[in-house]
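Asker:
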Amino acid sequence: MPPAAYRSVVLLLWALAVNATIACRGLFWDGSPFMVNILDLGQVHDFYTARAHVDWVTQLPLLLLSELGVRDTRLLAMVYSAALFGLPTGLYHFALARVKDDAVLLGIVIAVIAAVYLPTCFFIIGEYNTTYAAVVAAMAVTLTPGPRRLGDAVLLCLLGLLCVRSYETMVYLGPLVVAAIVWSMRKEDDPWVRGLSVIAAMAFLAAAAVAAVAIVDYWNHPHFVKVRAMSFDFWQNLQFVIPLIGLAISAAIALVRPSWLQGRGPPLVIAIAATALALSPWYRLVYEHSILYPPAHYLARQAAGVVLAVLVICMWLHVAWQRRPPKVFTILRLPAVSRRLVLAMTALLLAAAVPDVALTGLWSDYLARMRTLVDTREGAIRARDLPLLDWPDKLFAQDWSLPAMSALVSRTPGHAFVLADKDYLSNPPFDPACGTMPHLKGYGWGS
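Each residue of the sequence shown is one higher than the one before, counting from 1277 in this note's numbering.
See below:
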């Protein structure tokens, strides 16, 4: 496979991460109260211990700069955003680098980025973003053994440690990685590599156990009851549904008629999906309710986990099923077909970047309006008197995180706050500390 596609994907992936960092997208929704609590309390905000490992890694740079005396909340917000976006981006970059010599694996990893990561990463504060990237990186290492097998085993241990306390979807993703690691050990004769591989497998198994315990413990929690009820609302996320439909149609036809992969059908289907995805920011001009909706990234995270599991299984089957493989694998492995797969997935990724950039621009404008508001007003500002339910502000406003957001973007936090009229019972934050008034003494935007 020519390196152009790989390099283009990597460049685009990091460009999107830099763009999101400059725009301080880490402040979206829960990100604002999380950052306020870190700065006010001087400690990591790991209230949900089942996800603590991801929180520690992504919050440590922010906490260190705060301890060193940095008080510019804009700079701190950029650092926080850089950690939140940089970790999954780095893991996906690593996965791409590991599989770049296998066009089929490369195409699948690009598909994960286009159909799983970008459609759910506006809610970057969600630990699932890093969890999914870590799973893909672990599978890439497991399925593409390199010359430094001992180093690979150590890396798998580190990824497993990260995932031990990461996200509830590890309840099914963890066993998948464990099974792949055990499969990869069947011909390993180095005792150190085998030993470390066993430790890595145990770590991913522990991740599944922690996820299972968390699910049981919080099964009847009001927040989780609400989350389960919204599991099938992923259809509200155009950025997720459009590429999913294109991939599902292509996969279904290929399973029934494998020879279809050798024709113009797959590129045509993906081209239609890519075009529809690239045009999605402008659908509201035709139908006002057809909008890109960042909160829907949160709604689609569970369905995205299922899609990821399917794609990870496809990676494993492609590598493992060498004897008498199904015809669909035989055809997919043909150089011409696998090359078209990579090009098609790259086109889908380029299309997925369009709504991501569009939403980032709208988010930057929203922050600018919020800064102007709190820097020119005093005291409590009632949210109901603001156009927060109008487009585009309704894409980003969340009632209980408004005080934190308004404090973080203010030159003088505490001078003015945006407050929502609510009873704090109908839509409470999962962590009560996130609904409190921020202090941020000595901090300021641009100070």
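Don't be surprised by glycine CBs; every beta carbon is placed ideally from N, CA and C.
Predicted model, so just to flag it, every value in this text is computed and none were measured.
Which word fits residue 1298, buried or exposed, when buried means at least 16 other C-beta atoms lie within 10 angstroms of its C-beta?
Answerer: Residue 1298 sits at position 22 when you count from the first residue of the sequence shown. By the 10 Å Cβ count, residue 1298 comes out exposed.
Asker: Thinking C-beta only, is residue 1436 closer than 7 Å to residue 1480?
Answerer: Within the sequence shown, the letter at position 204 stands for residue 1480. Within the sequence shown, the letter at position 160 stands for residue 1436. Yes, these two residues count as a Cβ contact at 7 Å.
Asker: Measure the alpha-carbon distance for residue 1466 versus residue 1475 and round it to whole angstroms.
Answerer: Within the sequence shown, residue 1466 is the residue found at index 190, counting from 1. Within the sequence shown, residue 1475 is the residue found at index 199, counting from 1. Those two C-alpha atoms are separated by around 14 Å.
Asker: Which runs of the alpha helix (DSSP H) fall wholly inside the stretch 1425–1459 and span at least 4 residues, in chain order?
Answerer: Counting whole runs of 4 or more residues, the stretch 1425–1459 contains the alpha helix (DSSP H) stretches 1425–1440.
Asker: Assign residue 1496 to one of two classes, buried (16 or more other C-beta atoms within 10 Å of its C-beta) or exposed (fewer than that).
Answerer: Locating residue 1496 in the sequence shown gives position 220, counting from the first residue. It is exposed - the Cβ of residue 1496 has fewer than 16 other Cβ atoms within 10 Å.
Asker: Select from 1318, 1323 and 1326 the residue whose C-alpha is nearest the C-alpha of residue 1337.
Answerer: What you label residue 1337 is simply residue 61 of the sequence shown in a count that begins at 1. Out of 1318, 1323 and 1326, 1318 has the C-alpha closest to the C-alpha of residue 1337.
Asker: Below 7 Å between beta carbons: does that hold for residue 1627 and residue 1554?
Answerer: Your numbering for residue 1627 matches position 351 in the sequence shown. Your numbering for residue 1554 matches position 278 in the sequence shown. It is a contact, given that the beta carbons lie within the stated cut-off.
Asker: For residue 1643, I'd like the list of residues in its chain whose CB is within less than 7 Å of its CB, leaving aside the five on either flank, ordered along the chain.
Answerer: Stepping through the sequence shown from its first residue, residue 1643 is reached at position 367. Same-chain partners within the cutoff: 1300 and 1685.
Asker: Alpha carbon to alpha carbon, how far is residue 1560 from residue 1566?
Answerer: Counting from one through the sequence shown, the residue named residue 1560 turns up at place 284. Counting from one through the sequence shown, the residue named residue 1566 turns up at place 290. So the alpha carbons of these two residues sit roughly 5 Å apart.
Asker: If you check the beta carbons only, do residue 1485 and residue 1557 fall under 7 Å apart?
Answerer: Numbered from its first residue, the sequence shown carries residue 1485 at position 209. Numbered from its first residue, the sequence shown carries residue 1557 at position 281. In this structure, residue 1557 does not lie closer than 7 Å to residue 1485 by Cβ.
Asker: From the DSSP output, read off the bridge partner residues of residue 1695.
Answerer: Position 419 of the sequence shown holds residue 1695. DSSP lists 1658 as partners of residue 1695.
Asker: What is the residue span of the alpha helix (DSSP H) that residue 1307 lies within?
Answerer: Translated into positions along the sequence shown, residue 1307 becomes position 31. Taken as a continuous stretch (DSSP letters only), the alpha helix (DSSP H) holding residue 1307 covers 1307–1317.
Asker: Are residue 1546 and residue 1624 closer than 7 Å when you measure CB to CB?
Answerer: Taking the first residue of the sequence shown as 1, we reach residue 1546 at position 270. Taking the first residue of the sequence shown as 1, we reach residue 1624 at position 348. For residue 1546 and residue 1624, yes; Cβs fall inside 7 Å.
Asker: To the nearest angstrom, how far is it from the Cα of residue 1302 to the Cα of residue 1359?
Answerer: As a first step, residue 1302 must be located in the sequence shown, where it is residue number 26. As a first step, residue 1359 must be located in the sequence shown, where it is residue number 83. Each residue's alpha carbon lies about 9 Å from the other.
Asker: Can you check which of these residues, 1441, 1520, 1285 and 1679, is closest to residue 1650 by C-alpha distance?
Answerer: Locating residue 1650 in the sequence shown gives position 374, where the first residue counts as 1. Considering only alpha carbons, the answer is 1679.
Asker: When you compare the CB of residue 1291 with every CB in chain D, is at least one pair closer than 7 Å?
Answerer: No chain D appears in this structure, which consists of one protein chain only.
Asker: What is the DSSP secondary structure of residue 1720, reduced to helix, strand or coil?
Answerer: To locate residue 1720, count along the sequence shown from 1; it is residue 444. Of the three classes helix, strand and coil, the one that applies to residue 1720 here is strand, per DSSP.
Asker: In angstroms with no decimal places, state the Cα-to-Cα distance between residue 1372 and residue 1283.
Answerer: As a working note, residue 1372 is residue 96 in the sequence shown. As a working note, residue 1283 is residue 7 in the sequence shown. Roughly 10 Å between the two C-alpha positions.
Asker: For residue 1671, which residues from the same chain have a beta carbon less than 7 Å from its beta carbon, with the 5 sequence-adjacent residues on both sides left out?
Answerer: Translated into positions along the sequence shown, residue 1671 becomes position 395. For residue 1671, where only same-chain residues beyond five positions count, the Cβ hits under 7 Å are 1569, 1570 and 1638.
Asker: State buried or exposed for residue 1508, treating a residue as buried only when at least 16 other CB atoms are found within 10 Å of its CB.
Answerer: Position 232 of the sequence shown, counted from the first residue, corresponds to residue 1508. By the neighbour-count rule (16 or more Cβ atoms within 10 Å), residue 1508 is not buried but exposed.
Asker: To which residues of the same chain is residue 1654 closer than 7 Å at the C-beta, ignoring the five residues directly before and after it?
Answerer: Mapped onto the sequence shown, residue 1654 falls at position 378. Closer than 7 Å at the Cβ level, and outside the excluded window around residue 1654, lie 1691 and 1692.
Asker: Looking only at its chain, what residues have a beta carbon closer than 6 Å to the beta carbon of residue 1674, apart from the 5 residues adjacent to it on each side?
Answerer: For the purposes of this step, residue 1674 is taken as the residue at position 398 of the sequence shown. 1305.
Asker: What does DSSP give as the partner residue(s) for residue 1348 in the beta ladder?
Answerer: Position 72 of the sequence shown, counted from the first residue, corresponds to residue 1348. BP columns for residue 1348 point to 1720.
Asker: Less than 7 Å separating the beta-carbons of residue 1683 and residue 1662?
Answerer: As a working note, residue 1683 is residue 407 in the sequence shown. As a working note, residue 1662 is residue 386 in the sequence shown. No; because the gap between Cβ atoms is not below 7 Å, this pair is not in contact.
Asker: Whole angstroms is fine: what's the gap from residue 1521's alpha carbon to residue 1573's?
Answerer: If you number the sequence shown from 1, residue 1521 lands on position 245. If you number the sequence shown from 1, residue 1573 lands on position 297. One C-alpha to the other measures close to 17 Å.
Asker: Check for me: the alpha helix (DSSP H) holding residue 1630 runs from which residue to which?
Answerer: For the purposes of this step, residue 1630 is taken as the residue at position 354 of the sequence shown. Where residue 1630 is concerned, the enclosing alpha helix (DSSP H) stretches over 1611–1652.
Asker: Closest by CA to residue 1363, which one among 1425, 1439, 1646 and 1351?
Answerer: What you label residue 1363 is simply residue 87 of the sequence shown in a count that begins at 1. For the residues 1425, 1439, 1646 and 1351, the minimum Cα distance to residue 1363 belongs to 1439.
Asker: Over what stretch of residues does the alpha helix (DSSP H) that includes residue 1490 continue unbroken?
Answerer: Walking along the sequence shown from the start, residue 1490 turns up at place 214. Unbroken alpha helix (DSSP H) run through residue 1490: 1467–1493.
Asker: Quick one: grab the DSSP three-state call for residue 1689.
Answerer: As a working mapping, residue 1689 is identified with position 413 in the sequence shown. Three-state result, residue 1689: coil.
Asker: Output needed for residue 1613: all residues of its chain with C-beta closer than 7 Å, excluding positions within five of it in sequence on either side, in chain order.
Answerer: Here residue 1613 refers to the residue found at position 337 of the sequence shown. Cβ within range, chain order: 1537, 1538 and 1607.
Asker: What's the call for residue 1325, buried or exposed, on a 16-neighbour Cβ count within 10 Å?
Answerer: The residue given as residue 1325 occupies position 49 in the sequence shown. So residue 1325 counts as exposed.
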